[in-house]
Amino acid sequence: MKNILVVCGFGVATSTMALKKIEEELKNRNMRNVIIKQCNIAELKEKYYKYDLIVAMTNVNLELNIPIVSGIPFLLEKGKKEAIEKIINIIKN
119 MKNILVVCGF GVATSTMALK KIEEELKNRN MRNVIIKQCN IAELKEKYYK YDLIVAMTNV
179 NLELNIPIVS GIPFLLEKGK KEAIEKIINI IKN
């Protein structure tokens, strides 16, 4: 089981949109062994260590020992394919 944390400024709007799109993309690829949660940027420092990957809708100015992928392509649709491929490669390895 892999765990992804989607983080945005307030942990509501943009992280929810990205979470739903990531879930859909992973489901379409039959990747069901992934749990995706969301939080706001202020909570990130106390939660990140429980996750395998961060998808960030905002700038993350913390030194974390896990990969961070920009979630902005899930809002703009431009670069979404590349972003989901990065996510898949990270969770597979």
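Every position in the sequence shown, counted from 1, becomes a number in this note's numbering once 118 is added.
Positions of the beta carbon are idealized from the N, C-alpha and C atoms, including for glycine.
As the structure is a computational prediction, the values presented were derived from the model and not from experiment.
So, helix, strand or coil for residue i, using DSSP?
i	result
asparagine 211	coil
isoleucine 140	helix
asparagine 146	helix
lysine 198	helix
phenylalanine 128	coil
Throw me the rounded Cβ distance for the residue i and residue j pair, which I believe falls under 8 Å.
i	j	result
methionine 119	asparagine 151	5 Å
tyrosine 169	leucine 123	4 Å
methionine 149	phenylalanine 192	That pair is no contact at about 16 Å.
Name the DSSP bridge partner or partners of residue i?
i	result
isoleucine 122	Ile154 and Leu171
valine 187	Val173
Along the chain, where does the beta strand (DSSP E) that runs through residue i open and close?
i	result
valine 178	Segment: none, valine 178 is in no beta strand (DSSP E) and carries neither H nor E.
Got a sec, what are the start and stop residues for the alpha helix (DSSP H) residue i sits in?
i	result
lysine 235	With the chain covering 119 to 211 only, the question about residue 235 has no answer from this structure.
Thinking C-beta only, is residue j closer than 7 Å to residue i?
i	j	result
valine 187	isoleucine 202	no
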